[in-house]
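Have a look at the structure below, then the notes.
In the numbering used here, the protein residues as written are 7 to 279.
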């Protein structure tokens with residue numbers, strides 16, 4: 007949804023009791039970068055162009071879908087150049103009962119998550135400009151996400167973490183690492199729904215993965231999730247439309263180490279001047 011500057015937006019779901027207040031605009035500054043909610047159609051259009059560039063290449067048309075109107079979009083700009091360097095969207099859900107309405111539910115059987123009784127948020131279309139390399143971009147994005155989570159009482163984050171391309175071979179060390187250390191706990195393990203998947207849990211255990219090589223080719227967002235106690239599905243979905251391999255990724259907020267929570271909340275307290 008898009009809102010006028012200074013408004014207090016509300017997202018209403020199917021039930022009258024499912025009303026979510028997005029309080030302050032998560033405007034944050036770290037270094038030269040500022041994160042804020044997308045408030046205008048121009049903001050959303052810029053995010054859709056960055057998504058297309060990041061996932062599909064320079065010649066691709068803007069990336070837009072039916073989930074955009076029902077999500078809150080966060081954008082990160084370089085304050086010195088005004089260039090958009092990062093964006094993502096958040097879909098609030100009252101509990102696991104609503105996961106069938108998520109983007110991820112198109113590709114994964116999420117019935118195991120239906121018993122999760124607390125608020126959830128799906129993080130989608132997270133991307134950083136291909137030419138941007140500053141670690142502060144990811145920090146300010148996570149700061150905005152942390153504020154969003156706290157203000158809305160979110161107890162689980164989830165989404166699809168994307169590897170570029172449809173060929174798993176460049177990422178075998180990464181997938182073996184996921185198989186060995188980061189599979190979802192049985193109560194939350196997503197089932198297979200897509201007809202085109204790479205079942206990395208079935209990889210041979212004969213050779214130990216090169217951890218450094220695996221982490222090097224892993225998407226930065228996924229590395230961050232895992233470093234905070236996140237987990238993944240036991241298979242990757244091959245998505246020709248987005249030219250990605252993606253794994254379902256979950257993070258229970260209660261599982262985040264206290265030290266990491268303090269860091270995230272400290273970043274979330276960086277307010278714009």
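Think of the CB as a built atom: it goes at the ideal place given N, C-alpha and C, for glycine as much as any other residue. Remember, predicted model here, so these are calculated numbers, not experimental data.
Under a three-way DSSP split, which group does residue 74 fall into?
-> Counting from one through the chain shown, the residue named residue 74 turns up at place 68. If DSSP states are grouped into helix, strand and coil, residue 74 belongs with the helices.
Can you name, in chain order, every residue of its own chain whose Cβ lies under 6 angstroms from the Cβ of residue 109, other than the five neighbours on each side?
-> Stepping through the chain shown from its first residue, residue 109 is reached at position 103. Answer for residue 109: 73 and 130, listed in chain order.
When DSSP builds the beta bridges, which residues end up paired with residue 228?
-> Locating residue 228 in the chain shown gives position 222, counting from the first residue. Residue 228 pairs with nothing; no bridge assigned.
Drop a sphere of 10 angstroms on the beta-carbon of residue 211, count the other beta-carbons inside from all chains shown, and report buried for 16 or more, exposed for fewer.
-> Here residue 211 is taken as the residue at index 205 of the chain shown, counted from 1. Label assigned to residue 211: exposed.
Residue 86 classed as buried or exposed, judged by whether at least 16 other C-beta atoms fall within 10 angstroms | As a first step, residue 86 is located in the chain shown; it is residue number 80 there, counting from the start. Exposed is the call here.
Cβ-based neighbour list, residue 148, same chain, cut-off 8 angstroms, excluding 5 preceding and 5 following | Along the chain shown, read from residue 1 onward, the residue named residue 148 stands at position 142. Result list for residue 148: 230, 270 and 273, in chain order.
Looking at the structure shown, is residue 181 part of a helix, part of a strand, or coil, going by DSSP?
-> Against the chain shown, residue 181 aligns to sequence position 175. It is helical.
Could you check where the beta strand (DSSP E) with residue 252 kicks off and where it finishes?
-> Sequence index remark: in the chain shown, residue 252 carries index 246 (1-based). Run containing residue 252: 250-258, per the beta strand (DSSP E) assignment.
Other residues of its chain near residue 261: CB distance less than 7 angstroms, five sequence neighbours each side excluded | Stepping through the chain shown from its first residue, residue 261 is reached at position 255. Excluding sequence neighbours, residue 261 sits near 235.
Own chain residues within Cβ distance below 7 angstroms of residue 111, not counting five before or after | Here residue 111 refers to the residue found at position 105 when the chain shown is read from its first residue. Once the five neighbours on either side are set aside, the close Cβ partners of residue 111 are 105.
Taking the CB atoms as reference points, tell me whether residue 223 and residue 176 lie closer together than 8 angstroms.
-> Taking the chain shown and counting its residues from 1, the one referred to as residue 223 is at position 217. Taking the chain shown and counting its residues from 1, the one referred to as residue 176 is at position 170. Yes; because the gap between Cβ atoms is below 8 angstroms, this pair is in contact.
Between the C-alpha atoms of residue 113 and residue 161, what's the straight-line distance to the nearest angstrom?
-> As a position in the chain shown, residue 113 is number 107, starting the count at 1. As a position in the chain shown, residue 161 is number 155, starting the count at 1. When rounded, the distance between both Cα atoms is 22 angstroms.
With DSSP run on the structure shown, which of helix, strand or coil describes residue 262?
-> Here residue 262 is taken as the residue at index 256 of the chain shown, counted from 1. Of the three classes helix, strand and coil, the one that applies to residue 262 here is coil, per DSSP.
Is residue 124 helix, strand or coil when you go by DSSP?
-> Counting from 1 along the chain shown, the entry for residue 124 is found at position 118. Residue 124: coil per DSSP, three-state reduction.
In this structure, what does DSSP give as the bridge partners for residue 80?
-> For this step, residue 80 is matched to residue 74 along the chain shown. DSSP output for residue 80 lists 43 and 94 as bridge partner(s).
Option nearest residue 92 by Cα separation, candidates 77, 153, 125 and 55 = Locating residue 92 in the chain shown gives position 86, where the first residue counts as 1. Minimum Cα distance to residue 92 is reached at 55.
Spatial neighbours of residue 263 within its chain, please: CB distance less than 8 angstroms, with the 5 preceding and 5 following residues excluded, ordered by chain position.
-> Translated into the one-based positions of the chain shown, residue 263 becomes position 257. Result list for residue 263: 234 and 235, in chain order.
Give, in chain order, every unbroken run of the beta strand (DSSP E) that is at least 3 residues long and sits entirely within the segment 137-188.
-> 162-170
Beta strand (DSSP E) segment containing residue 34, residue limits = The residue you call residue 34 lines up with position 28 of the chain shown. It spans 34-36 - the beta strand (DSSP E) in which residue 34 sits, taken as one unbroken run.
For residue 213, which of helix, strand or coil comes out of DSSP?
-> Here residue 213 corresponds to residue number 207 of the chain shown, with the count starting at 1. Residue state, collapsed to three classes: coil.
Should the segment 78-85 be regarded as contacting the segment 161-175, the criterion being three or more beta carbon pairs within less than 8 angstroms?
-> no
Mind reading off the beta-carbon distance from residue 255 to residue 228? Whole number of angstroms is fine, and I expect it under 8 angstroms.
-> On the chain shown, position 249 is the one that residue 255 refers to. On the chain shown, position 222 is the one that residue 228 refers to. The pair is a contact, with the Cβ atoms about 6 angstroms apart (cut-off 8 angstroms).
Have a look at residue 141 and residue 38 and give me their C-alpha separation to the nearest angstrom.
-> Translated into the one-based positions of the chain shown, residue 141 becomes position 135. Translated into the one-based positions of the chain shown, residue 38 becomes position 32. The straight-line gap from Cα to Cα measures roughly 11 angstroms.
Could you check the C-alpha separation between residue 215 and residue 173 for me, to the nearest Å?
-> Counting from 1 along the chain shown, the entry for residue 215 is found at position 209. Counting from 1 along the chain shown, the entry for residue 173 is found at position 167. Taking the straight line from one Cα to the other gives about 18 angstroms.
Report the residue from 195, 41, 126 and 209 whose alpha carbon sits nearest the alpha carbon of residue 155.
-> One-based indexing of the chain shown puts residue 155 at position 149. The candidate whose alpha carbon is nearest that of residue 155 is 126.
By DSSP, does residue 130 sit in helix, in strand, or in coil?
-> Working through the chain shown from its first residue, we reach residue 130 at position 124. Looking at residue 130 - three-state DSSP - the assignment turns out to be strand.
Under a three-way DSSP split, which group does residue 86 fall into?
-> Here residue 86 refers to the residue found at position 80 when the chain shown is read from its first residue. DSSP places residue 86 in coil when its eight states are reduced to three.
Starting from residue 241 and walking both ways along the beta strand (DSSP E), at which residues does that stretch end?
-> Locating residue 241 in the chain shown gives position 235, counting from the first residue. First-last of the beta strand (DSSP E) with residue 241: 237-245.
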